[in-house]
Amino acid sequence: FSIYNTQNKSNIINIKNFAVTSNIEVLIMNYQAFATKSKESRKIYKPLDSAQSERPIDIISRARPILIIDEPQRFGKSESLFKEFNPLCVLRYSATHKKDKKYNEVYRLDAIDAYNQKLVKKIKVKGIEVLGNSGTNSYLFLDAVNIHPKRYPTASLEFEIKQKTGIKKVLRKIKETDNLFTLSNELKQYQGFIV
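Throughout the sequence shown, residue numbering follows this note's numbering, covering -9 to 185 in sequence.
Okay, structure coming up:
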């Protein structure tokens, strides 16, 4: 493998080796090597005497590299610069991809899988979600009983409701005679559930 960065004096040799070898070759670059405005970093886009007046980016692009990008969401508008590499394909490696873009997912690794595979030392859990019961069981969670000095008690109850987009859990104050079947927009599992 070769490394291309703004401090490396053998960058052109590394790029040429990457571009002409018949073997599988890896060229590691950091963001600063091609996407910043510093004079040193912009050399990749300028014709160089040491590269027979070619631009280093052109040498790389002729090889049609496979780009593997770590944390691509950090690049923002600079992501358009990846096109200059003329990549055969682009693999984006991230735990937090942009939600507004759709990518072809190659592999998914969640926090628990990463921990079980000993890829991380520990994980922190902010909350727990019960999976596999949406809209099929009569899910109820009593969050609180609310005592009022001059009224009947109410309950803060979490249950599922049917919406246009699917099943959603909600927390509502419930009082005597409330019908969960009606409040859930007629989910069958709450039929006959009257407080």
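Idealized CB from N, CA, C, for every residue including glycine.
At least 8 Å separates the beta-carbon of Ile56 from that of Ile47. With fewer than 16 other Cβ atoms inside 10 Å of its own Cβ, Ser70 counts as exposed. In the same chain as Lys29, and ignoring 5 residues on each side of it, no C-beta atom comes closer than 8 Å to its own. Annotation for Asn169: no beta strand (DSSP E) segment contains it, and DSSP assigns it neither H nor E.
Counted as a single uninterrupted DSSP element, the beta strand (DSSP E) harbouring Ala145 occupies residues Thr144 to Gln153. Between the alpha carbons of Val16 and Ile113 lies a distance of about 31 Å. Restricting attention to Val110, Glu166 and Ile151, the CA atom closest to the CA of Val135 is found in Glu166.
Counted as a single uninterrupted DSSP element, the beta strand (DSSP E) harbouring Asp133 occupies residues Leu130 to Asn136.
Within the DSSP secondary-structure output, Gly156 pairs in a beta bridge with Gln153.
Counted as a single uninterrupted DSSP element, the alpha helix (DSSP H) harbouring Tyr105 occupies residues Ala101 to Asn106.
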